[in-house]
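Asks: Sharing a structure, written as structure tokens. Questions coming.
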Amino acid sequence: MSNPVFSKLEKEWATQRFTPNGYPTMPGYTPGGHSASAPASTYPDQAGSSSAPAQTWNAPGSYPGATGGYQGQSTADDAFPHMEQTFASPAADAVDRGRMTYDDVIVKSGISLAVLLVGALVSWTAVVTAPGVGFMLVLAGVIGGFVLAMVNSFSKTIRPALVLAYAAFEGLALGGLSAVFENTYPGIVIQALLATAAVFTVTLALFASGKVRNSSKLMKFTLIGLVGILVYRILSMILTFTGVISSGFDSMTIMGVPLGLAVGLLAVLIGAFSLIQDFDQVKVGVQRGVPAKYAWVCTFGILVTVVWMYLEILRLLAILRDN
Numbered sequence: 001m002s003n004p005v006f007s008k009l010e011k012e013w014a015t016q017r018f019t020p021n022g023y024p025t026m027p028g029y030t031p032g033g034h035s036a037s038a039p040a041s042t043y044p045d046q047a048g049s050s051s052a053p054a055q056t057w058n059a060p061g062s063y064p065g066a067t068g069g070y071q072g073q074s075t076a077d078d079a080f081p082h083m084e085q086t087f088a089s090p091a092a093d094a095v096d097r098g099r100m101t102y103d104d105v106i107v108k109s110g111i112s113l114a115v116l117l118v119g120a121l122v123s124w125t126a127v128v129t130a131p132g133v134g135f136m137l138v139l140a141g142v143i144g145g146f147v148l149a150m151v152n153s154f155s156k157t158i159r160p161a162l163v164l165a166y167a168a169f170e171g172l173a174l175g176g177l178s179a180v181f182e183n184t185y186p187g188i189v190i191q192a193l194l195a196t197a198a199v200f201t202v203t204l205a206l207f208a209s210g211k212v213r214n215s216s217k218l219m220k221f222t223l224i225g226l227v228g229i230l231v232y233r234i235l236s237m238i239l240t241f242t243g244v245i246s247s248g249f250d251s252m253t254i255m256g257v258p259l260g261l262a263v264g265l266l267a268v269l270i271g272a273f274s275l276i277q278d279f280d281q282v283k284v285g286v287q288r289g290v291p292a293k294y295a296w297v298c299t300f301g302i303l304v305t306v307v308w309m310y311l312e313i314l315r316l317l318a319i320l321r322d323n
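Be aware that the sequence shown starts at 1, since it is given in UniProt numbering, and climbs by one per residue.
Here it is as structure tokens:
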């Protein structure tokens, strides 16, 4: 699995079972079963005797051997209306049982995206009006976003507040960077936003229609691609800072085509493959009836992929503008 968030969920969901109410099961749990060691119930006059004579019910509300009705027990006339009302009531759905649903992921993703956009607007405004303050906000967003990404990825406790905090810090980082790109390449931000939304929508539509599916081969290809792009970026940055090359690998050309353009297209393709795996893990979680709290983890995983894809598309558009 390329996304570390969903890699963790895949392992956890594969080894953990849940009750109909969405809680982790205990060892030996059987849905709808009873304890094998539970003693069989007996009537008072039958206790200690396996050969007790058969008893008959003489009147509603009485038990064998009783001289009168059982105090506190409803009669048949009182019980039937209650049973009829119970059977007529609607069955408990996934929300009533505390299970994760697609709506949970959609709503929480919308909330997180709104927080990210607010952070981006604040940072963008600061970069335009007060560049010094804007730079500090971008730096805080990059550091805070990275730290919270690590915490949310590897923490065993699900904390919705930290997911929203990650969205806010990522918004600060993206807003400032987008303002810089927009100042250099007017109109590039709206192009990157539309392209990101288009890739997300098309990928979701293809996955929902069943035309594209997650597989082990796709997972391996995506993982190899992500590692390769990461190594490419790190080496380019190190060689540029040390003066070995005057500019990054992106400026190099192969048969007249900038290397950065080819890598950018590959990065967007890898991002789409990552989204397919993200959607698949959400589907698996809903089908397995995992607790509703896992919707925040799924939201965080999707948000990480979308943010990374937006940056890659922004970089790709900048290379196209230069050429």
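Where is the CB? At the ideal position from N, CA and C, for every residue including glycine.
Does the beta-carbon of glycine 271 have 16 or more other beta-carbons within 10 angstroms, so that it is buried, or is it exposed?
Replies: Here residue 271 is taken as the residue at index 271 of the sequence shown, counted from 1. Buried is the call here.
Asks: Below 8 Å CB to CB, which residues in the same chain sit around aspartate 196 once its five sequence neighbours on both sides are set aside?
Replies: Start at 1 with the first residue of the sequence shown, and residue 196 comes out as number 196. The sequence as given places threonine at residue 196; aspartate does not occur at that position. Val306, Met309, Tyr310, Ile313.
Asks: Is the separation between the beta-carbon of valine 151 and that of leucine 162 shorter than 8 Å?
Replies: Numbered from 1 along the sequence shown, position 151 holds the residue referred to as residue 151. Numbered from 1 along the sequence shown, position 162 holds the residue referred to as residue 162. The answer is yes: Cβ separation under 8 Å.
Asks: Would you mind stating whether aspartate 278 and isoleucine 302 have Cβ atoms separated by less than 8 Å?
Replies: The residue you call residue 278 lines up with position 278 of the sequence shown. The residue you call residue 302 lines up with position 302 of the sequence shown. Cβ atoms of aspartate 278 and isoleucine 302: closer than 8 Å.
Asks: Can you tell me whether glycine 134 is buried or exposed? The criterion is at least 16 other CB atoms within 10 Å of its CB, across all chains shown.
Replies: For the purposes of this step, residue 134 is taken as the residue at position 134 of the sequence shown. Around the beta carbon of glycine 134, 16 or more other beta carbons lie within 10 angstroms, which makes this residue buried.
Asks: Within its chain, find whatever has a CB closer than 6 Å to the CB of glycine 144; leave out the 5 residues flanking it on each side and keep chain order.
Replies: Start at 1 with the first residue of the sequence shown, and residue 144 comes out as number 144. Excluding sequence neighbours, glycine 144 sits near Phe169.
Asks: If the criterion is Cβ atoms closer than 8 Å, does the pair leucine 259 and methionine 252 meet it?
Replies: Here residue 259 is taken as the residue at index 259 of the sequence shown, counted from 1. Here residue 252 is taken as the residue at index 252 of the sequence shown, counted from 1. Taking 8 Å as the Cβ cut-off, leucine 259 and methionine 252 qualify as a contacting pair.
Asks: Should isoleucine 188 go down as buried or exposed, given a rule of 16 or more other Cβ atoms within 10 Å for buried?
Replies: Working through the sequence shown from its first residue, we reach residue 188 at position 188. So isoleucine 188 ends up on the buried side.
Asks: For the stretch 124–140 and the stretch 174–192, state whether three or more C-beta atom pairs, one from each stretch, are separated by less than 8 Å.
Replies: With the cut-off at 8 Å, the stretch 124–140 and the stretch 174–192 touch.
Asks: Classify proline 186 as helix, strand or coil using the three-state DSSP reduction.
Replies: Stepping through the sequence shown from its first residue, residue 186 is reached at position 186. Here proline 186 sits in coil by DSSP.
Asks: Rounded to whole angstroms, how far is the Cβ of alanine 192 from the Cβ of isoleucine 229, which I believe are closer than 8 Å?
Replies: Residue 192 sits at position 192 when you count from the first residue of the sequence shown. Residue 229 sits at position 229 when you count from the first residue of the sequence shown. At roughly 18 Å, the Cβ-Cβ gap does not stay under 8 Å, so alanine 192 and isoleucine 229 are not in contact.
Asks: Which value, in whole angstroms, describes the spacing of the CA atoms of lysine 156 and tyrosine 294?
Replies: Against the sequence shown, residue 156 aligns to sequence position 156. Against the sequence shown, residue 294 aligns to sequence position 294. In a straight line, the C-alpha of lysine 156 is about 11 Å away from that of tyrosine 294.
Asks: Extract the residue ranges of the alpha helix (DSSP H) inside the stretch 240–301, only unbroken runs of 4 or more that lie entirely within it.
Replies: 259–288
Asks: Count the other C-beta atoms from every protein chain shown that fall within 10 angstroms of the C-beta of methionine 219, then say buried if there are 16 or more, exposed otherwise.
Replies: Here residue 219 corresponds to residue number 219 of the sequence shown, with the count starting at 1. Buried, since its Cβ has 16 or more Cβ neighbours within 10 Å.
Asks: Can you list, in chain order, the residues of its chain whose CB lies under 7 Å from that of glycine 264, leaving out five sequence neighbours each side?
Replies: Position 264 of the sequence shown holds residue 264. If we look at glycine 264 and ignore the five residues flanking it on each side, its Cβ neighbours are Glu312, Arg315, Leu316, Ile319.
Asks: May I have the straight-line CA-CA distance separating serine 209 from phenylalanine 181, to the nearest angstrom?
Replies: What you label residue 209 is simply residue 209 of the sequence shown in a count that begins at 1. What you label residue 181 is simply residue 181 of the sequence shown in a count that begins at 1. So the two alpha carbons sit approximately 36 Å from each other.
Asks: My assumption, with CB atoms under 8 Å, is that glycine 248 sits in contact with threonine 242. Please give the rounded CB distance.
Replies: Taking the sequence shown and counting its residues from 1, the one referred to as residue 248 is at position 248. Taking the sequence shown and counting its residues from 1, the one referred to as residue 242 is at position 242. About 12 Å separates the two Cβ atoms, so there is no contact after all.
Asks: In this structure, how does DSSP classify alanine 54 when only helix, strand and coil are distinguished?
Replies: Along the sequence shown, read from residue 1 onward, the residue named residue 54 stands at position 54. For alanine 54, the predicted structure reports a pLDDT of 47, less than 50, and the residue's modelled location is therefore unreliable. A value from the coordinates is still provided. The answer is coil: DSSP assigns alanine 54 none of H, G, I, E or B.
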